[in-house]
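Asker: Have a look at the structure that comes next, please.
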Amino acid sequence: KEAELKLCRFPLESVRGVPLMRPIAENFDSIWEFNPHPLDLLIATYPKAGTTWTQEIVDLLLHNGNAELCKRAPTPVRSPFLEIVSPKPIPSGLDLLNKMDPPRMIKTHLPIQLVPPGFWENKCKVIYVARNAKDNLVSYFHFDRMNQTQPEPGPWDGYISKFMRGELAWGSWYDHVRGYWLQREQKNILYLFYEDMKEDPRREVERIMRYLDLSLSDDIISRIVALTSFKNMKENPMSNYSCIPTHVFNQSISEFMRKGEVGDWRTHFTPDQSNTFEEDYKNQMKDVDIPFRDSV
Ligand code: A3P
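Adding 13 to a residue's 1-based position in the sequence shown gives its number in the UniProt record's numbering.
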């Protein structure tokens with residue numbers, strides 16, 4: 014199947030009620046069977062919540078802040094995307110993982126109920142990053158404009174509705190953030206917020222360091238904070254996704270490293286759209302109290 018896969022904006026297909034790009038849905042059995050090593054680490058997010066940023070921080074922490082070592086390959090090669098099935102020549106996540114020795118740093122956007130059970134059986138560490146709904150939605154909208162493998166975003170107003178109804182790839186943001194939140198203690202998941210990382214990156218880098226049972230010097234931590242600033246990551250060809258050909262990620266439409274801010278939703282939502290969104294948000298999130306902030 015993979016060899017025949019042609020680049021297109023893949024339609025979504027439901028896997029246990031979660032819309033996923035068709036090649037992922039068709040391959041889901043082998044994804045579900047993936048058996049990680051206990052030392053493998055999973056970085057899980059809803060798309061556009063700060064995955065790449067966290068991958069870079071973790072890689073630098075694991076390599077004692079060595080910038081050169083962390084430029085050994087682009088992000089998706091250093092930290093494979095578990096479920097992705099891409100048109101050739103881009104390798105699929107499972108192909109890359111099967112050629113790598115543990116400990117591996119694995120990325121996923123799967124909601125918690127679709128994470129392969131081997132991660133829990135092997136007690137792998139899991140870092141989850143959540144971003145406030147409105148900024149997450151804005152970032153996803155621009156990403157869907159430029160990513161030629163995801164469904165067309167269509168007009169902005171309709172995109173908001175699709176987000177609210179959980180119809181975008183990887184499904185409902187509300188279920189995603191809630192699922193990991195409710196199981197974070199039982200499953201020893203480190204649950205981070207994009208807004209906290211923006212507010213005090215050093216504090217959050219240190220939090221990740223402790224979770225990984227590492228202890229780095231203050232100087233090295235400072236270096237990691239600097240290397241993972243938005244500006245430095247945008248300029249770094251190994252973290253800015255310039256590795257993906259332009260017919261797949263058309264960064265002339267919108268850059269992967271787009272703005273990197275909290276509160277950009279204000280430049281997109283009209284007051285009416287914001288009110289409608291917030292009413293629906295209260296309803297969808299009424300059973301859970303996750304401390305999201307849409308400004309810092
Ligand atoms: P914007 O589109 O709002 O700019 P992901 O890696 O999960 O796909 O998330 C991408 C989002 O994280 C983009 O948000 C991107 O700019 C932002 N981002 C990436 N690196 C960042 C960094 N070092 N600091 C702040 N934001 C970053």
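A virtual CB, placed ideally from N, CA and C, is assigned to each residue, including glycine.
Buried or exposed, going by whether 16 or more other CB atoms sit within 10 Å of the CB of residue 143?
Answerer: Residue 143 comes out buried.
Asker: Closer than 6 angstroms: is that where the CB of residue 272 sits relative to any heavy atom of the ligand SAH?
Answerer: The ligand SAH is not among the ligands present in this structure, which contains only the ligand A3P.
Asker: In terms of alpha-carbon separation, which member of 196, 258, 219 lies closest to residue 301?
Answerer: Among 196, 258, 219, the Cα nearest to that of residue 301 is on 196.
Asker: At a cut-off of 6 angstroms, is residue 176 close to the ligand A3P when judged by its beta-carbon and the heavy atoms of the ligand?
Answerer: The answer is no for residue 176.
Asker: Return yes when the Cβ of residue 182 is within less than 7 angstroms of the Cβ of residue 25, no when it is not.
Answerer: Their beta carbons are under 7 angstroms apart, which means residue 25 touches residue 182 by this criterion.
Asker: In its own chain, which residues sit with a C-beta less than 6 angstroms from the C-beta of residue 94, not counting the 5 before and 5 after it?
Answerer: Around residue 94: 106, 120.
Asker: Looking at the structure shown, is residue 46 part of a helix, part of a strand, or coil, going by DSSP?
Answerer: In the structure shown, residue 46 sits in coil (DSSP, three-state: anything other than H, G, I, E or B).
Asker: Can you check which of these residues, 264, 179, 279, is closest to residue 293 by C-alpha distance?
Answerer: Nearest of 264, 179, 279 to residue 293, Cα basis: 179.
Asker: Check residue 141 in the structure and name its three-state DSSP category.
Answerer: Note: residue 141 maps to strand in three-state DSSP.
Asker: CB-CB under 8 angstroms to residue 49, same chain, minus the five flanking residues each way: which ones, in chain order?
Answerer: Excluding positions up to five away in sequence, the list reads 55, 115, 117, 119, 129, 131, 132, 135, 137.
Asker: In the DSSP output, which residue or residues are listed as bridge partners for residue 84?
Answerer: Per DSSP, none; premise fails for residue 84.
Asker: Applying the criterion that 16 or more other CB atoms from any shown protein chain within 10 Å of the CB defines a buried residue, is residue 239 buried or exposed?
Answerer: Answer is exposed; the Cβ neighbour count stays below 16.
Asker: Should residue 171 be labelled buried (16 or more other beta-carbon atoms within 10 Å of its own) or exposed?
Answerer: Exposed, because fewer than 16 other Cβ atoms sit within 10 Å of the Cβ of residue 171.
Asker: Quick check on DSSP: helix, strand or coil for residue 136?
Answerer: Of the three classes helix, strand and coil, the one that applies to residue 136 here is coil, per DSSP.
Asker: Would you mind sorting residue 260 into buried or exposed? The rule is 16 or more other CB atoms within 10 Å of its CB.
Answerer: So residue 260 counts as exposed.
Asker: Cα-Cα, which of 281, 22, 44, 80 is closest to residue 235?
Answerer: Checked all of 281, 22, 44, 80; the closest Cα to residue 235 is 80.
Asker: Just curious, the alpha helix (DSSP H) that residue 218 is in, first and last residue?
Answerer: 214-224 is the extent of the alpha helix (DSSP H) around residue 218.
Asker: Give the secondary structure of residue 74 by DSSP, where H, G and I count as helix, E and B as strand, and everything else as coil.
Answerer: Helix at residue 74.
Asker: Can you give the Cα-Cα distance for residue 280 and residue 113, rounded to whole angstroms?
Answerer: The straight-line gap from Cα to Cα measures roughly 42 angstroms.
Asker: Going residue by residue through the segment 255-309, where are the continuous alpha helix (DSSP H) segments of at least 4 residues, counting only ones entirely within it?
Answerer: Complete alpha helix (DSSP H) runs here, min 4: 284-297.
Asker: Look up residue 202 in the DSSP assignment and say whether it is helix, strand or coil.
Answerer: Strand.
Asker: Per DSSP, what kind of secondary structure is residue 118 in: helix, strand or coil?
Answerer: Of the three classes helix, strand and coil, the one that applies to residue 118 here is strand, per DSSP.
Asker: Can you tell which of 284, 257, 265, 29 has the C-alpha that lies nearest to the C-alpha of residue 102?
Answerer: Checked all of 284, 257, 265, 29; the closest Cα to residue 102 is 257.
Asker: For residue 308, tell me which candidate among 83, 146, 64, 97 has the shortest Cα-Cα distance.
Answerer: Of the candidates 83, 146, 64, 97, the one whose C-alpha sits nearest the C-alpha of residue 308 is 146.
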